[in-house]
């Protein structure tokens with residue numbers, strides 16, 4: 001009934017009261033739409049076995065196994081980041097109603113932003129942790145389970161904050177579905193799996209400083225590959241081809257040195273160097289992700305505050 005008041009209030013409600021009212025409305029909307037939570041959980045329960053099937057060789061500590069393991073980590077990130085796009089409609093779906101309530105000065109922008117932007121966060125968090133836990137178990141990864149799940153959850157929160165910011169910034173949903181994928185595709189292409197970050201031009205290196213893919217992939221890769229020993233199947237060795245005894249005798253007679261076949265990658269640290277992911281510490285990547293989350297939330301609030309600012313609602317704050 002509070003949101004149907006016909007008269008404009010002399011002063012907006014206190015922030016704590018406005019936040020509780022907005023939170024109650026958001027929770028009521030979630031309760032009326034349980035399909036959203038079911039879809040998040042269904043996606044986690046469906047995609048995790050698919051990841052385990054696609055990268056079924058990721059547990060092997062061979063050259064092909066390491067390749068599958070790196071691909072699985074990047075695919076897990078991509079799945080979670082793309083799934084967060086559903087949060088883009090958080091501020092778009094009810095914009096006209098909230099603009100009307102802002103003109104009535106029922107509450108400020110800040111309590112509405114805090115209550116509404118976090119209304120679905122815990123749902124994404126639960127689904128992300130379930131997905132990360134299942135993927136870790138099904139892939140047989142060597143990293144500790146809890147840090148792995150927490151990094152997947154943190155990247156999911158950063159992705160959700162990004163799409164919420166886009167939703168608060170753009171005028172309508174049609175614009176959002178054009179802008180958001182462009183930057184996500186650029187982040188994905190330059191995140192360190194498809195192209196080596198060490199070979200990027202200076203502008204792209206600067207862009208990667210705020211790339212959730214890059215920091216998320218680097219964090220998961222460090223958890224997984226530091227301390228990992230890598231072996232070789234006979235077909236994975238590089239160097240001279242196998243020689244018979246006569247060929248070896250002839251080469252020794254001609255005093256030609258015999259090269260030895262070797263493994264391309266012998267340790268997880270060597271793979272990190274090859275992917276150019278070893279320059280920064282794990283703590284740096286986690287701090288970067290946390291900073292990105294905070295920045296996207298602040299930018300989303302500023303964009304929403306600017307959008308609701310009008311001569312009819314001078315008290316927006």
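Residue numbers (this note's numbering): 1 to 317.
The beta carbon of each residue, even a glycine, is placed where N, CA and C say it ideally should be.
Residue of the options minimising C-alpha distance to residue i
i: residue 270; options: 124, 74, 112 and 67; result: 67
i: residue 37; options: 120, 299 and 69; result: 120
i: residue 215; options: 261, 54, 71 and 152; result: 152
i: residue 155; options: 181, 73, 59 and 96; result: 73
i: residue 186; options: 255, 210 and 136; result: 210
i: residue 326; options: 45, 233, 164 and 146; result: This structure cannot speak to residue 326, because the chain is shown only from 1 to 317.
i: residue 81; options: 52, 181 and 169; result: 181
i: residue 298; options: 114, 79 and 55; result: 114
i: residue 134; options: 44, 234, 274 and 70; result: 44
i: residue 288; options: 212, 223 and 264; result: 212
i: residue 296; options: 280, 88, 281 and 47; result: 88
i: residue 376; options: 273, 183, 233 and 129; result: What the structure shows of the chain is the stretch from 1 to 317, and residue 376 is not part of that stretch, so it cannot be assessed.
i: residue 76; options: 249, 64 and 129; result: 129
i: residue 53; options: 254, 71 and 249; result: 71
i: residue 220; options: 254, 69 and 57; result: 69
i: residue 64; options: 235, 146, 286 and 283; result: 235
i: residue 222; options: 147, 254 and 231; result: 147
i: residue 303; options: 232, 79, 275 and 110; result: 110
i: residue 275; options: 170, 51, 50 and 190; result: 190
i: residue 122; options: 253, 40, 283 and 239; result: 40
i: residue 116; options: 131, 136, 188 and 94; result: 94
i: residue 233; options: 245, 255, 264 and 204; result: 264
i: residue 96; options: 176, 126, 201 and 171; result: 171
For residue i, the residue or residues it bridges with in DSSP
i: residue 238; result: 262
i: residue 229; result: 267
For residue j and residue i, the rounded distance between their alpha carbons
i: residue 192; j: residue 149; result: 20 angstroms
i: residue 124; j: residue 237; result: 43 angstroms
i: residue 84; j: residue 144; result: 25 angstroms
i: residue 267; j: residue 225; result: 8 angstroms
i: residue 218; j: residue 108; result: 39 angstroms
i: residue 208; j: residue 142; result: 27 angstroms
i: residue 227; j: residue 174; result: 47 angstroms
i: residue 301; j: residue 158; result: 15 angstroms
i: residue 90; j: residue 168; result: 8 angstroms
i: residue 196; j: residue 278; result: 12 angstroms
i: residue 162; j: residue 290; result: 12 angstroms
i: residue 55; j: residue 47; result: 12 angstroms
i: residue 308; j: residue 160; result: 22 angstroms
i: residue 285; j: residue 206; result: 15 angstroms
i: residue 249; j: residue 230; result: 32 angstroms
i: residue 305; j: residue 98; result: 12 angstroms
i: residue 281; j: residue 292; result: 17 angstroms
i: residue 251; j: residue 262; result: 19 angstroms
i: residue 260; j: residue 183; result: 46 angstroms
i: residue 118; j: residue 131; result: 20 angstroms
i: residue 239; j: residue 247; result: 16 angstroms
i: residue 179; j: residue 166; result: 8 angstroms
i: residue 42; j: residue 35; result: 10 angstroms
i: residue 138; j: residue 61; result: 16 angstroms
i: residue 140; j: residue 51; result: 12 angstroms
i: residue 253; j: residue 78; result: 56 angstroms
i: residue 86; j: residue 202; result: 33 angstroms
i: residue 59; j: residue 188; result: 24 angstroms
i: residue 49; j: residue 127; result: 14 angstroms
i: residue 177; j: residue 204; result: 23 angstroms
i: residue 112; j: residue 57; result: 47 angstroms
i: residue 244; j: residue 283; result: 51 angstroms
Residue range of the alpha helix (DSSP H) that includes residue i
i: residue 181; result: 173–189
i: residue 279; result: Counting along the chain, residue 279 falls outside any alpha helix (DSSP H), and DSSP gives it neither H nor E.
i: residue 210; result: Counting along the chain, residue 210 falls outside any alpha helix (DSSP H), and DSSP gives it neither H nor E.
i: residue 79; result: 63–83
i: residue 52; result: 35–54
i: residue 253; result: 245–253
Residue-chain proximity (residue i, chain D), Cβ-Cβ < 7 angstroms
i: residue 90; result: Here chain D cannot be found, since the structure has a single protein chain.
field: Minimum length 4: unbroken alpha helix (DSSP H) runs contained in the stretch 113–164
entry: 121–139
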